[in-house]
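Residue numbers (this note's numbering), protein chains in the order written: chain H, 274 to 577; chain C, 274 to 577.
There are 2 protein chains.
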Amino acid sequence: MERAAIAAEFRAIQDSICADLEALDGKARFRDDPWTRADGGGGLSRPIAGGALIEKGGVNFSEVHGPLSPAAAKALKVDAEAFYATGVSIVLHAHNPWVPTIHMNIRYFEASNDNGQPTTDNRSWFGGGIDLTPVYVDPSSAKRFHHGLKDVCERWDARYYPDYKRWADDYFFLPHREETRGVGGIFYDRVAPTAEKSVEHIFGFTCAVGRAFASLYAGAASPMRDKSFTQRERDWQLIRRGRYVEFNLVHDRGTRFGLETGGRTESILMSLPADARWAYDHRPEAGSPEAETLTWLRKGVEWV
Amino acid sequence: MERAAIAAEFRAIQDSICADLEALDGKARFRDDPWTRADGGGGLSRPIAGGALIEKGGVNFSEVHGPLSPAAAKALKVDAEAFYATGVSIVLHAHNPWVPTIHMNIRYFEASNDNGQPTTDNRSWFGGGIDLTPVYVDPSSAKRFHHGLKDVCERWDARYYPDYKRWADDYFFLPHREETRGVGGIFYDRVAPTAEKSVEHIFGFTCAVGRAFASLYAGAASPMRDKSFTQRERDWQLIRRGRYVEFNLVHDRGTRFGLETGGRTESILMSLPADARWAYDHRPEAGSPEAETLTWLRKGVEWV
């Protein structure tokens, strides 16, 4: 497949998601913030803030290429001098503590030794995923979310949901807290074409993940967006957002790779919440809804 | 020198600083939170919160030892199977946005191939430093702080202030923001005894840094703690604290090494503020006090 076709479809997915999210929010509009990269390519970041539903977030597209530094090649474990990468990244933080934070990323990467030329071997791959981070885990909402993901996956391969669900459990995990970021979702990385799976198949699945995002978010957010809350729930939301910041800055590979290789800081850190809080050794009261939520933040919960 | 003597003096410095800070704050008391480490050693974390001056902070002592994993040895660039480390770490975040955040660390590290036995070569070293992170840079306060550091350094070696001031500029720097964390201070790491500098000299200097901390903080905090502020200054404080979180989670070697090697999470993340904020591409208005502060966040400002 041509790079340009992949990037064009990703860009169309960005537009489609932004339109759906503006309709869902009902108040805020995405801002267009195009940028260019000195070494090649650029992107269109689309931040949003102060909505009726969404407090802060963004739907970012990028298409970047150029020389690959030896350090970056080593970090990616590829023997290559140049790269091409395109993708869409989303994080949405809602005002209401009953509404989960959500994240989506779809991406295509190509390593080459001929700057600007497509590769002919399998040093190109796709990755993607969607995961949900509730402030308070609502098992019925988590089940609905995972069923939705399973439905998307099963249209492509019956193995995708179980395999990529487990991958998300492993990836969205904070070892220093011994907890998962939220209730997981699906995650896959470096999936390259094989004799069994064509590039069109993997690309098609990746686009299906992107196309499924807006309705999955609506399914998680709509039932909860008008539920009343008090300072107690807001306080817990801030603590949980602190953990979200920890995951993104300490563990998230995309964030770390981006910051270390001179990526566009504002677009990378779009993922951070408006407000977050830390308290020394914060422990919710035994038996409280907050303590109940912590019991769900572990690997291997089978929601489906 | 005996490890036990170093640790005992560090522990005494912790006590002395806590007493001075409680007197300075006038309201909050440090809590004792002792902990032990499964692989050897432990610590005494002393968090503080909700003071008249200090919103959140801690003065932590630790003395840990045990086997050194190959990954940890590689990260430390030592060829050793065991280690011993002791130190005091402080971060204080004040309520009032006119009061700077301050950080201090003094540490001793010893690598060995005989678990539990002191080394006889120079695979042991000291490190330390104090740095100041104002929400609004006040040049006269920064000058007073640096003069105080210079006075401490000059009692030990005329090169320490210029050398360790430059080291702090380089260390407390956020490449992805192209700004220093604050107005710097002094920083040194892996300073080992030599023919010219005995272990007693380096230890003595390191203790002098620790002993100077409380009055340096009082000098920065006392003139500003009762200055009135509005939501505008509070908002800027939250944004600047977001940068503090970014530095600590993305760049700070102690934080990263600690989290990656299974250190005690609550003690390591004691450094994070109560509340922090992020806003997409936040830019203060040209000519504003916030914009003026950004002009000072660069390497090489000679405050003395």
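Glycine is no exception: its CB is placed at the ideal position from the N, C-alpha and C atoms. Since we're looking at a predicted model, the values are computed, not measured.
Residue interval of the beta strand (DSSP E) (run including residue i)
| i | result |
| --- | --- |
| residue 397 of chain C | 397–406 |
| residue 506 of chain H | Where residue 506 of chain H is concerned, there is no enclosing beta strand (DSSP E), although the alpha helix (DSSP H) it sits in stretches over 504–519. |
| residue 318 of chain C | 314–318 |
Three-way DSSP call (helix, strand, coil) for residue i in this model
| i | result |
| --- | --- |
| residue 566 of chain H | helix |
| residue 522 of chain H | helix |
| residue 497 of chain C | coil |
| residue 309 of chain H | strand |
| residue 553 of chain H | coil |
| residue 464 of chain C | strand |
| residue 380 of chain C | strand |
| residue 451 of chain H | coil |
| residue 487 of chain C | helix |
| residue 481 of chain C | helix |
| residue 492 of chain C | helix |
| residue 561 of chain C | coil |
| residue 471 of chain C | coil |
Delimiting residues of the alpha helix (DSSP H) encompassing residue i
| i | result |
| --- | --- |
| residue 298 of chain H | 276–298 |
| residue 425 of chain C | 412–427 |
| residue 526 of chain H | 526–533 |
| residue 444 of chain H | 433–444 |
| residue 335 of chain H | Segment 327–340 is the beta strand (DSSP E) holding residue 335 of chain H; no alpha helix (DSSP H) there. |
| residue 540 of chain C | 538–541 |
Beta-carbon neighbours of residue i, restricted to chain A and to distances below 7 Å
| i | result |
| --- | --- |
| residue 506 of chain C | Any reference to chain A falls outside this structure, whose protein chains are H and C. |
Own chain residues within Cβ distance below 8 Å of residue i, not counting five before or after
| i | result |
| --- | --- |
| residue 294 of chain H | 303, 321, 327, 332, 365, 487, 490 |
| residue 482 of chain H | 377, 379, 401, 402, 403, 425, 459 |
| residue 367 of chain C | 326, 327, 328, 373, 374, 494, 498 |
| residue 502 of chain H | 369, 370, 371 |
Neighbourhood of residue i by C-beta, 6 Å cutoff - its chain only, sequence neighbours within 5 removed
| i | result |
| --- | --- |
| residue 375 of chain H | 365, 405, 490 |
| residue 513 of chain C | 408 |
| residue 544 of chain H | 364, 521 |
| residue 356 of chain H | 341, 384 |
| residue 472 of chain C | 274, 466 |
| residue 297 of chain C | 491 |
Beta-carbon proximity list for residue i, same chain, < 7 Å, skipping 5 on both sides
| i | result |
| --- | --- |
| residue 476 of chain C | 274, 279, 399 |
| residue 507 of chain H | 370 |
| residue 564 of chain C | 557, 558 |
| residue 480 of chain C | 282, 286 |
| residue 457 of chain H | 404, 438, 441, 442, 445 |
| residue 360 of chain H | 283, 335, 378, 379, 380, 381 |
| residue 510 of chain H | 370, 408 |
Residue i Cβ short of 7 Å to the ligand NAP heavy atom set
| i | result |
| --- | --- |
| residue 554 of chain H | Because no ligand of any kind appears in the structure shown, any question about the ligand NAP cannot be addressed here. |
To be precise: take each residue of the stretch 534–551 of chain C, compare its Cβ to all Cβ atoms of chain H, and keep it if any distance is under 7 Å. Which residues remain?
538, 539, 542, 543, 545, 546, 547, 548, 549, 550, 551
Against chain C, which members of the stretch 307–319 of chain H pass a CB distance test of less than 7 Å?
none
Please list, in chain order, the residues of the stretch 442–456 of chain H that have any C-beta partner in chain C closer than 7 Å.
Listed in sequence order: 449, 450.
In chain order, what residues of the stretch 488–521 of chain H put their CB closer than 9 Å to some CB of chain C?
511, 515, 518, 519, 521
Residues in the stretch 322–348 of chain C with C-beta within 8 Å of chain H's C-beta atoms, listed in sequence order?
Legend: CB atoms of the stretch 322–348 of chain C lying less than 8 Å from CB atoms of chain H belong to residues 322, 329, 331.
Could you tell me which whole beta strand (DSSP E) segments of length 3 or greater appear in the stretch 342–377 of chain C?
355–367
Check distances from the C-beta atoms of the stretch 357–372 of chain H to those of chain C and list, in chain order, the residues that come in under 7 Å.
none
Listed from N- to C-terminal order along the chain, which residues in the stretch 550–570 of chain C have their beta-carbon within a distance smaller than 8 Å of any beta-carbon of chain H?
550, 551, 552, 553, 554
Going along the stretch 394–424 of chain C in order, which residues come within less than 7 Å of chain H, judged by CB to CB distance?
none
Closer than 7 Å, Cβ to any Cβ of chain H: which residues of the stretch 287–300 of chain C, in chain order?
none
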